[in-house]
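Numbering (our numbering), first residue to last: 6 to 263.
So the structure is just underneath, and the comments pick up after that.
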Ligand code: PLP
């Protein structure tokens with residue numbers, strides 16, 4: 006092994022499980038770029054190939070459950086996987102493949118961004134798979150990072166219209182089996198965007214940032230990947246979330262209009 010390969014092998018690795026986005030706005034390309042910014046290596050396990058523009062999801066083709074599992078197994082044989090970031094899964098077979106991998110690797114922290122619909126409105130996860138996402142996969146994850154529409158959808162309830170309702174829903178999702186839930190407040194109103202972290206046996210923590218007037222796709226992918234980067238580097242969950250939020254804030258600030 007030469008010096009370059011030795012240095013690569015020593016870096017913490019994150020297994021990135023998710024879909025491609027040909028527009029470059031979201032999905033696995035965003036994840037890999039985010040992890041690189043944190044000095045963390047990425048091993049991709051692709052679950053779906055999508056043809057997208059920023060305004061439209063044109064076509065989605067699912068990768069077979071067997072190939073998803075084979076990608077995850079090969080990645081972990083070859084590299085020291087310190088965290089797993091899970092994004093678009095698309096359908097129940099993909100979810101079950103990831104569940105079976107996580108059941109065999111319970112010591113690796115997994116961050117789940119429960120991707121359901123793109124910001125352009127295109128569906129990225131079958132409606133029939135939402136139960137498996139919430140009931141089978143979430144309990145095996147260290148953290149789920151739903152936004153308000155995703156939170157409501159996972160609970161089968163209408164979207165929260167105020168902070169107290171979002172808090173109640175965050176607590177309800179935690180009781181459904183996840184170890185921690187970060188409810189993202191980006192879809193709420195107000196000058197301050199507040200994300201709420203719910204954990205078992207701990208007080209909830211609010212992470213606030215001023216709301217920027219900029220729109221950027223893939224911020225959910227970035228946040229979850231940046232959190233996974235922190236966990237892969239041995240940081241605590243709270244500190245990983247703080248660094249991740251600062252990173253995403255800076256990326257939105259670059260495109261903000263004032
Ligand atoms: N496409 C893929 C493959 C994704 O993983 C995601 C989000 O994770 C999206 C699209 C949606 O991104 P956005 O909500 O920024 O449109």
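For each residue, glycine too, the CB sits at the ideal point set by N, CA and C.
- Judged by beta-carbon spacing, residue 202 lies beyond the 8 angstroms limit of residue 257, meaning their Cβ atoms are not closer than that value.
- DSSP, read as helix, strand or coil, puts residue 39 in helix.
- The C-beta of residue 206 has fewer than 16 other C-beta atoms within 10 Å across all chains shown, which makes the residue exposed.
- In this chain, residue 52 is not harboured by any alpha helix (DSSP H); it is covered by the beta strand (DSSP E) spanning 46-57.
- One Cα belongs to residue 23, the other to residue 90, and the distance between them is close to 8 angstroms.
- When DSSP states are grouped into helix, strand and coil, residue 120 belongs to the coil group.
- Residue 97 sits in a helix when the DSSP states are folded into three classes.
- Secondary structure note for residue 68: it is in no beta strand (DSSP E), with a DSSP letter that is neither H nor E.
- Taking a 10 Å sphere around the C-beta of residue 154, we find fewer than 16 other C-beta atoms and assign the residue as exposed.
- Only exposed fits residue 251, as fewer than 16 other CB atoms lie within 10 angstroms of its CB.
- For the options 131, 140, 84, the alpha carbon positioned closest to that of residue 93 is the one of 131.
- The three-state reading of DSSP puts residue 113 in coil, since its state is none of H, G, I, E or B.
- Ranked by Cα distance from residue 121, the first of 43, 262, 237, 223 is 223.
- The stretch 57-77 and the stretch 18-35 touch, with no fewer than 3 CB-CB distances between them shorter than 8 angstroms.
- Its Cα nearest to that of residue 243, the residue 187 stands out among 259, 194, 187.
- In the structure shown, residue 213 adopts extended strand secondary structure according to DSSP, grouped into three states.
- Residues of the same chain with a CB within less than 7 angstroms of the CB of residue 177, apart from the 5 flanking positions on each side, are 160 in chain order.
- Look at residue 102 here: in three-state DSSP terms it is helix.
- Distance between residue 147 and residue 184, taken at the CA atoms: about 5 angstroms.
- By the Cβ test, the stretch 75-84 is not in contact with the stretch 137-147, since fewer than three Cβ pairs between them sit closer than 8 angstroms.
- Each of 102, 246, 86, 182 was checked against the Cα of residue 70, and the nearest Cα belongs to 102.
- The C-alpha of residue 54 lies about 15 angstroms from the C-alpha of residue 36.
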